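These notes concern the structure reproduced below.
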Amino acid sequence: KQEVTQIPAALSVPEGENLVLNCSFTDSAIYNLQWFRQDPGKGLTSLLLIQSSQREQTSGRLNASLDKSSGRSTLYIAASQPGDSATYLCAPGTGTASKLTFGTGTRLQVTL
Amino acid sequence: ETGVTQTPRHLVMGMTNKKSLKCEQHLGHNAMYWYKQSAKKPLELMFVYSLEERVENNSVPSRFSPECPNSSHLFLHLHTLQPEDSALYLCASSRDRAETQYFGPGTRLLVL
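Chains as they are written, first to last, in the working numbering: chain A, 1 to 112; chain B, 1001 to 1112.
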């Protein structure tokens, strides 16, 4: 059974800092891995999808890396802004139905 | 807006009621998903439909009954729920099962 751990659970940084969110998973036989953000009381917004054959994906100020063999992924956020404040969720996909297993997330607050 | 809508956005029901949650996607996707998000717990996958066929049932109690009449619509029929079923129910869709999932805003359910 896939288990996903995200560290840290919560993070508060001043605006402009670069930061790294960590995700580890126990079953390395994954199809892909997605990073999402969730604003309070809202649905999820997909940020990046990394296929199992890829090492990283970039979108704007976001860069996600994947080390499938060691069961790790990181999300790097450059030049953080208050609008980045949200909970960030990591979800590796396994199985024929691409079942996503979620961690409990990292709650990020970017202060002015 | 992700192209995935859910109704109602909020629902309060008694344990003897029967209600249905509706999800609609306007993205031309072939796969649709139901997830449950309880307080302090990771998102849990409930059901996966691909081309209107259920391909995953993640050990969900029978008081939750999904229905996918076509590739654009997904329902979750609820009956004789328990207070512990109170949660945010999220619908998602993807072009195919191994591709990026797009989430709706969720239905916040309270069972009294």
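C-beta: ideal position from N, C-alpha, C; glycine also.
A quick note: this is a predicted structure, and the numbers were derived from the prediction, not measured.
Which of helix, strand or coil does DSSP assign to residue i?
i                         : result
glutamate 1084 of chain B : helix
glycine 93 of chain A     : strand
aspartate 67 of chain A   : strand
proline 82 of chain A     : helix
lysine 1040 of chain B    : coil
leucine 1027 of chain B   : coil
Spell out whether any CB of chain A is found under 8 Å from the CB atom of residue i.
i                         : result
proline 1105 of chain B   : yes
proline 1042 of chain B   : yes
glutamine 1101 of chain B : yes
alanine 1098 of chain B   : yes
leucine 1076 of chain B   : no
leucine 1045 of chain B   : yes
leucine 1090 of chain B   : yes
Looking only at DSSP bridge pairs, what is residue i linked to?
i                             : result
glutamine 54 of chain A       : The partner list for glutamine 54 of chain A (beta bridge, DSSP) is empty, contrary to what the question assumes.
glutamate 1056 of chain B     : B:Val1048
cysteine 1091 of chain B      : B:Trp1034
phenylalanine 1189 of chain B : The structure shown has nothing for residue 1189 of chain B, since chain B only spans 1001 to 1112.
serine 46 of chain A          : A:Phe36
From the beta carbon of residue i, is the nearest beta carbon of chain B less than 8 Å away?
i                           : result
serine 46 of chain A        : yes
glycine 16 of chain A       : no
phenylalanine 25 of chain A : no
leucine 118 of chain A      : Not covered by the structure: residue 118 of chain A. The range shown for chain A is 1 to 112.
asparagine 63 of chain A    : no
Measure the C-alpha to C-alpha separation of residue i and residue j and round it to an integer number of angstroms.
i                           : j                            : result
lysine 1 of chain A         : phenylalanine 102 of chain A : 12 Å
glutamate 17 of chain A     : serine 65 of chain A         : 19 Å
arginine 1095 of chain B    : serine 1072 of chain B       : 11 Å
valine 20 of chain A        : lysine 1041 of chain B       : 23 Å
aspartate 27 of chain A     : alanine 9 of chain A         : 21 Å
phenylalanine 25 of chain A : proline 92 of chain A        : 8 Å
Legend entry - Residues of the region 1047–1072 of chain B with Cβ closer than 8 Å to any Cβ of chain A, in chain order: Val1048, Ser1050, Val1055, Glu1056 and Asn1058
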